[in-house]
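If you read the sequence shown in my numbering, its first letter stands for residue 7, the second for the next number, and so on. C-beta atoms are modelled at their ideal positions from N, C-alpha and C, and glycine is treated no differently. First up is the structure itself, then whatever we jot down about it.
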Amino acid sequence: MTNPFEVNPATTPARIHADREAGTLSIEWGDGHGTTYGVEALRWLCPCAYCRGEAGMPGWLDSAPTLTPDQTKLTDLHLVGNYALSPHWADGHATGYYPFRLLRDRCPCVVCTARRTDKASSSSSSSGPATSPAMSRHGEHR
7 MTNPFEVNPA TTPARIHADR EAGTLSIEWG DGHGTTYGVE ALRWLCPCAY CRGEAGMPGW
67 LDSAPTLTPD QTKLTDLHLV GNYALSPHWA DGHATGYYPF RLLRDRCPCV VCTARRTDKA
127 SSSSSSSGPA TSPAMSRHGE HR
């Protein structure tokens, strides 16, 4: 049985830096890996019920073809306990809690993207013909 209180360096940030001028959020993880998100990609990744949908209903991001400048302007960033970040956006949106595990799992760096692609290819080849997974603009595999 896994200890729920055990710290995993891969999903524990050692340093978090929001650069509002550059429009980036950078995280240095406890295992030494670095992740940098553009704020637009971060907003598309928002996991809240309003953006993602709930009870079988689509979320707002499912019908939004583009984001406005206020929707991608990071105004504040809060820690949520020891497990998530809560970005606040210029349009007033502040309900998305981004768990550290989600942020690490969706790391957009070349190494992590290749690892996800390889993993998806190997799992799809064992259950049928190999396909190349595409990432949607929401950061999810289609």
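Check                                                                                      : Outcome
Burial state of residue 64, where buried means 16 or more other Cβ atoms lie within 10 Å   : exposed
Among 123, 93 and 119, the one whose alpha carbon lies nearest that of residue 30          : 93
Alpha helix (DSSP H) runs wholly inside the stretch 10–64, at least 4 long, in chain order : 45–50 and 55–58
Where residue 113 falls, given that 16 or more other Cβ within 10 Å makes a residue buried : buried
Whole beta strand (DSSP E) elements within the stretch 62–125, 3-residue minimum           : 80–86 and 90–95
Reference residue 79, options 60, 27 and 61, closest by Cα                                 : 27
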